[in-house]
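2 protein chains.
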Amino acid sequence: MFQQLSHAKVFQAYAEKIEFPTTPENLYDPIRYILSLSGKRIRPLLVLMGSTLFDEEKAALALPASTAIEYFHNFSLIHDDIMDKAPLRRGQPTVHQKWNDSVGILSGDALLVKAYEELAKCPAQQLGALLRLFNKTALEVCEGQQYDMDFELRNDVTADEYIDMIRLKTSVLLGCALQMGAIVAEADEAAQQLLYAFGMNLGIAFQLQDDLLDVYGDPETFGKQVGGDIISNKKTILFIKLKELVSTADAKELDYLLNSDIASEPTKVTKMKALYARYGIEDFAVALKEKYTATAYEKLEAIDVDESRKKTLFTLADALMHRVQ
Amino acid sequence: MFQQLSHAKVFQAYAEKIEFPTTPENLYDPIRYILSLSGKRIRPLLVLMGSTLFDEEKAALALPASTAIEYFHNFSLIHDDIMDKAPLRRGQPTVHQKWNDSVGILSGDALLVKAYEELAKCPAQQLGALLRLFNKTALEVCEGQQYDMDFELRNDVTADEYIDMIRLKTSVLLGCALQMGAIVAEADEAAQQLLYAFGMNLGIAFQLQDDLLDVYGDPETFGKQVGGDIISNKKTILFIKLKELVSTADAKELDYLLNSDIASEPTKVTKMKALYARYGIEDFAVALKEKYTATAYEKLEAIDVDESRKKTLFTLADALMHRVQ
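Here it is as structure tokens:
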């Protein structure tokens, strides 16, 4: 029966049944609020997919782990939004904006504990392994956020450092989600590691694609303002690579574009794109993205289960990477 | 051999061996810093004592749990200090004061995860039980901190609400620490509950005593400024009970004392003490403290182990409650 329902519906049905106390209101209302803002819920689905890849019967057992991953992700959003002073999240006011910083700190803390409460519901035999993987990943996500903040204050960040930052901040959690599903399904260690690597490499590729789409995406389908990263001087892979390669002469123009208010926004985007073109930045970033995508696919291919079982994950990867199926 | 060393030394030797990564510096330096500020380390010792009460041989197995409790306590200090805008902790700059709020939020998060990392090292057979107790307690501590902040904005907090707040914010962690030790030592459920209740009731009594000492303590031995809570309008059990009982006529004087800058500090303290005396506030608070102390001792007495094994815990309780041994 479990297989007949989609993972998304099964997860939603499970998560909706979890009740939070009504008081103290300022602790639990923000948690209900952030969880109600509809995200893509991709991380909990990865847990269930990771489980189903090896054993459909075990996917129901992976529901607490999938909820733990979703809670952890939302905890990190609440705290990151405070640190980044972000007013909006998924088009709605952030928790600290709607309440205040203290409420954001404390409700985030409580949501992290709730994640561990879900973990504690996992099968006892796998609890230790799940907990160790989850802890390792949670620390890496904290490290990634710290590097991201540190990089804002530095002018010498390298492409390698950037890749490592996005690996920690966003990609390891995807690998962790998949591997947790595999652990619950009692997959062997080698298969677990391959699935983790698939998720992590796909996550890096996806983030690089996000940087690319911001500049080269189709305005009709991108959803955000094309060129937004350029306008806000965001340190993307494109920007960082340009900084690495730029000649002394062009560095002056780059500085002007970064620091002057004179250039109108469309002009700034056009001129930055010209600089990117001069140094082959788009090609560099596309090649990098392709490298991580290819590695992700290789890892999934190498897992020793029937190819038909991998279809869902390949389809998901295709969809995320906008590949023709 | 384990018994021959004091619990404090054993804990210190264990905790000192745990290494934190060197980078990112802004994530791990604050953790090293807060852990280096010498607190009383009473909570990790409670874990070890809770274990030794039932089985000396098991105390070494309780070291990860004791470290988890100490890390959790320090995580909550870092985050509470941000929320309370506290500049000093144990006489030194708080983490957010020495670095900034973002560093405080993120390094606190990482320290909470490190607590769970220690938990994951506990014996596999007890991991589920330890994790569930720890999670429940961690949520309660968050609730207590939220109530504490909520109470700052309210004028109608009752004594019962205050007791419940300090129970959640500070006392359940003491009960949890002792019970975790008992779990590792494989004590039966009834004994675990009694030990938990001993710690929780002792914690409430200790907090009430703290409120009392601030007003009635010996300036020679108190360590802090006597009357400090009165001067800062802190909502202690004394203040809250006075608010509950005060007549309309005396309420005017109370309002004046709370809101006027005219009264010099010594005058304010003297006049508040006169109000406390008029309503029997000291006697009320002493009786309440004695009630919780007595309950704590009863719970410890009721535990079914040889009386000689309880001596360390009785001695600790006597010391905390300034009782003649």
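In order, the protein sequence lines correspond to chains A and B.
Under our numbering, the residues of the first sequence are numbered 2 to 326, in order.
Under our numbering, the residues of the second sequence are numbered 2 to 326, in order.
From the three backbone atoms N, C-alpha and C, an ideal C-beta is built for every residue, glycine too.
Next item on the list: Say whether the region 125–139 of chain A touches the region 162–181 of chain A, bearing in mind that this needs 3 or more beta-carbon pairs closer than 8 Å, one atom from each stretch.
Entry: With the cut-off at 8 Å, the region 125–139 of chain A and the region 162–181 of chain A touch.
Check: Taking just the CA atoms, how far does A/L47 sit from A/Y148?
Finding: If I take the Cα positions, the gap works out to 26 Å.
Check: Can you tell me whether DSSP reads A/Q226 as helix, strand or coil?
Finding: It is coil, neither helix nor strand.
Margin query: Let me check understanding here. Comparing Cα to Cα, which of A/L195, A/Q127, A/A186, A/L203 lies closest to A/I164?
Written below: Relative to the Cα of A/I164, the nearest Cα in the group A/L195, A/Q127, A/A186, A/L203 belongs to A/L203.
Notebook entry, point to check: Where does A/R91 sit, in a helix, a strand or coil, going by DSSP?
Noted result: A/R91: coil per DSSP, three-state reduction.
Next item on the list: Please check the pair B/F223 and B/L213, which I expect to be a contact at CB under 8 Å, by giving their CB distance rounded to whole angstroms.
Entry: Taking C-beta atoms under 8 Å as the contact rule, B/F223 and B/L213 fail to qualify, at a distance of about 11 Å.
Checklist line | Cutoff 6 Å; reference B/V227; Cβ partners in own chain excluding five residues on either side | finding: Annotation for B/V227: G218, P220 place their beta carbon closer than 6 Å to its own, counting only its chain and skipping 5 residues before and after.
Item checked: Within-8 Å CB hit, B/Q5 to chain A -> Confidence at B/Q5 is low in this model, with a pLDDT of 41, below 50, so its placement is unreliable and the value that follows should be read with caution. Chain A, which has no Cβ nearer than 8 Å to the Cβ of B/Q5, makes this no.
Check: Can you give the beta carbon distance from B/R168 to B/M201, rounded, assuming they're within the 8 Å contact cut?
Finding: Beta-carbon to beta-carbon, B/R168 and B/M201 are separated by about 7 Å, close enough to satisfy the 8 Å threshold.
Check: In chain order, what residues of the same chain lie with their CB nearer than 6 Å to the CB of A/T53, ignoring the 5 residues before and after it?
Finding: Residues of the same chain with a CB within less than 6 Å of the CB of A/T53, apart from the 5 flanking positions on each side, are A60 in chain order.
Check: With contact counted as at least three CB pairs below 8 Å, one residue from each stretch, are the region 256–273 of chain A and the region 307–316 of chain A in contact?
Finding: Too few Cβ pairs lie closer than 8 Å, so no.
Checklist line | A/A252 versus A/K244 - alpha carbon distance | finding: When rounded, the distance between both Cα atoms is 8 Å.
Notebook entry, point to check: In chain A, which residues lie with their C-beta within 7 Å of the C-beta of B/E118?
Noted result: Close to B/E118, with beta-carbon spacing below 7 Å, are these residues of chain A in chain order: N136.
Notebook entry, point to check: So is B/R279 buried or exposed if we call it buried at 16+ other beta carbons inside 10 Å?
Noted result: Looking at its Cβ environment, which holds fewer than 16 other Cβ atoms inside 10 Å, B/R279 is exposed.
Note to self: Could you check if B/L175 belongs to the surroundings of the ligand MG, using beta carbon to heavy atom distance under 7 Å?
What the structure shows: Judged by which ligands are present, the structure shown has none, so any question about the ligand MG falls away.
Note to self: If I measure Cβ to Cβ from B/A9 and keep anything under 8 Å in the same chain, skipping five residues before and after, which residues do I get?
What the structure shows: By the criterion of a C-beta distance shorter than 8 Å, B/A9 is surrounded in its chain by R42, L46, once the five residues flanking it on both sides are discounted.
Note to self: Would B/A125 and B/A69 qualify as a contact pair, given that the criterion is a beta-carbon distance under 8 Å?
What the structure shows: No, the Cβ-Cβ distance between B/A125 and B/A69 is not below 8 Å.
Next item on the list: For B/D151, return the contacting residues in chain A, with the cut-off set at a CB-CB distance below 8 Å.
Entry: Simply P25, N27.
Checklist line | Nearest-angstrom beta carbon gap, A/M150 and A/T313 [assumed within contact, 8 Å] | finding: With a Cβ gap of about 36 Å, A/T313 and A/M150 do not count as contacting.
Check: Going by other Cβ atoms of all chains shown within 10 Å of its Cβ, with 16 needed for buried, is A/S77 buried or exposed?
Finding: With a threshold of 16 other beta carbon atoms within 10 Å, A/S77 meets it and is buried.
Margin query: For B/R44 and A/A121, which I take to be in contact (beta-carbon distance under 8 Å), what is that distance rounded to the nearest angstrom?
Written below: B/R44 to A/A121, Cβ: 21 Å. No contact.
Check: According to DSSP, is B/M322 helix, strand or coil?
Finding: Reduced to three states, the DSSP call for B/M322 is coil.
Next item on the list: Taking all protein chains shown into account, decide if B/P333 is buried (16 or more other Cβ within 10 angstroms of its Cβ) or exposed.
Entry: Residue 333 of chain B cannot be examined here, being either before or after the span of chain B that is shown, 2 to 326.
Checklist line | Proximal chain A residues relative to B/R133, where beta-carbon distance stays under 7 Å | finding: Here the neighbours are A121.
Check: Which residues, taken in chain order from the region 145–170 of chain A, show a beta carbon closer than 7 Å to some beta carbon of chain B?
Finding: Residues Q146, Q147, Y148, M150, D151.
Item checked: Cβ pair A/L195, A/Y293 closer than 8 Å -> Between A/L195 and A/Y293, the gap from beta carbon to beta carbon reaches 8 Å or more.
Notebook entry, point to check: Does B/D110 come within less than 8 Å of chain A when only Cβ atoms are used?
Noted result: Answer yes: the Cβ-Cβ gap between B/D110 and chain A drops below 8 Å somewhere.
Next item on the list: Measure the C-alpha to C-alpha separation of A/Q180 and A/G129 and round it to an integer number of angstroms.
Entry: The straight-line gap from Cα to Cα measures roughly 14 Å.
Note to self: Let me confirm a value: B/E299 is counted as buried when at least 16 other C-beta atoms fall within 10 Å, else exposed. Which label applies?
What the structure shows: It counts as exposed.
Checklist line | Reduced DSSP category for A/S261 - H, G, I as helix; E, B as strand; rest coil | finding: The three-state reading of DSSP puts A/S261 in coil, since its state is none of H, G, I, E or B.
Next item on the list: Can you pull the chain A residues whose beta carbon is under 8 Å from the beta carbon of B/H80, in chain order?
Entry: What B/H80 touches in chain A: I106, L107, D110.
Next item on the list: Pull up the distance between the alpha-carbon of B/F12 and that of A/E118, whole angstroms please.
Entry: Cα-Cα distance, rounded: 27 Å.
Check: Can you tell me the Cα-Cα spacing of A/I106 and A/Y15, whole angstroms?
Finding: Distance between the alpha carbons of A/I106 and A/Y15: 26 Å.
Next item on the list: Have a look at B/Y29 and A/V104 and give me their C-alpha separation to the nearest angstrom.
Entry: For the pair B/Y29 and A/V104, the Cα-to-Cα distance works out to about 24 Å.
Next item on the list: Just the C-alpha distance for B/N27 and A/D262, rounded to the nearest angstrom, thanks.
Entry: Roughly 32 Å between the two C-alpha positions.
Note to self: Spatial neighbours of A/L64 within its chain, please: C-beta separation below 6 Å, excluding the five flanking residues on both sides.
What the structure shows: Counting only Cβ-Cβ distances below 6 Å, and skipping sequence neighbours, we find Y15.
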